[in-house]
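Under my numbering, the letters of the sequence shown match residues 1 to 199, in that order. The beta-carbon is built from N, C-alpha and C at its ideal position, and this holds for glycine as well. Nothing here was measured: the structure is a model prediction, and the numbers come from that model. Each remark here refers to the structure printed beneath this line.
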Amino acid sequence: MQEAADPASHASLYIHVRILLGMIVGLGLTHLLRHTARIVERPRAHPVYGVHLVWATFMFVYLLHFWWWEFSLSHQAHWNFNLYLYVTLYALLLYLLCALVFPESLPEGAGYRDYYYGRKHWFFGLLALMFVVDAGDTLIKGSAYVQQLGAEYWVRNTVYIAGSVAAIVTRNPRFHGAFAVAALLYELSWIWRRYENLA
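Here it is, written out as structure tokens:
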């Protein structure tokens, strides 16, 4: 029979999990930065698209935010494989989104605008899934944590999901531009208001 984990070891257990999460987050950040550097080095090789760059920035900010807020899991009293698998798959989903934002290669002369609209179904489908998974991640942290976020959290996720579904359906550049900018600005506001300090 396995003995219950000592409360004093909760943080140590999370450090064990956090190492893998950190590796995945690091790979995602590296991928985004490497491809951003390629754009700077060869700006004419693949014409950039502003909306695409905003979503790349959004994913960069979200990855940093993910690493910051997941510290709350250090208070998790009981860890099992299912919980470990859930948060790991969440991190892997974020990496997959980063990989979709910037492909490993584009045909010579191809631009990011065509790539963006050609892959929008995949990107926004996974983005909507990300906010569903995020809701589960939030519930894992307990009722006190959920209450601290308030009703705004559920409205936030619902709007992100609805916007992602709309982005799958439409190719309207104005909608995509407005959604990208609004998502990034709101995410920055959300971080500033809710996560400036760890508790």
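Length of the line joining the Cα atoms of residue i and residue j
{"i": "residue 157", "j": "residue 69", "result": "16 angstroms"}
{"i": "residue 94", "j": "residue 28", "result": "7 angstroms"}
{"i": "residue 63", "j": "residue 25", "result": "6 angstroms"}
{"i": "residue 66", "j": "residue 168", "result": "24 angstroms"}
{"i": "residue 53", "j": "residue 60", "result": "11 angstroms"}
{"i": "residue 79", "j": "residue 13", "result": "8 angstroms"}
{"i": "residue 170", "j": "residue 126", "result": "16 angstroms"}
{"i": "residue 72", "j": "residue 136", "result": "14 angstroms"}
Secondary structure of residue i, DSSP reduced to three states
{"i": "residue 105", "result": "coil"}
{"i": "residue 45", "result": "coil"}
{"i": "residue 1", "result": "Its pLDDT being 39, under 50, residue 1 is placed unreliably by the model, and nothing is read from it."}
{"i": "residue 76", "result": "coil"}
{"i": "residue 171", "result": "coil"}
{"i": "residue 141", "result": "coil"}
{"i": "residue 70", "result": "helix"}
{"i": "residue 111", "result": "coil"}
{"i": "residue 156", "result": "helix"}
Environment of residue i [buried if 16+ CB atoms lie within 10 Å]
{"i": "residue 202", "result": "Given that the chain is displayed from residue 1 to residue 199, the structure contains no residue 202 and the question cannot be resolved."}
{"i": "residue 102", "result": "buried"}
{"i": "residue 124", "result": "buried"}
{"i": "residue 89", "result": "exposed"}
{"i": "residue 162", "result": "exposed"}
Exercise. Does the count of Cβ pairs from the stretch 40-49 and the stretch 107-118 closer than 8 angstroms reach three?
Worked result: yes
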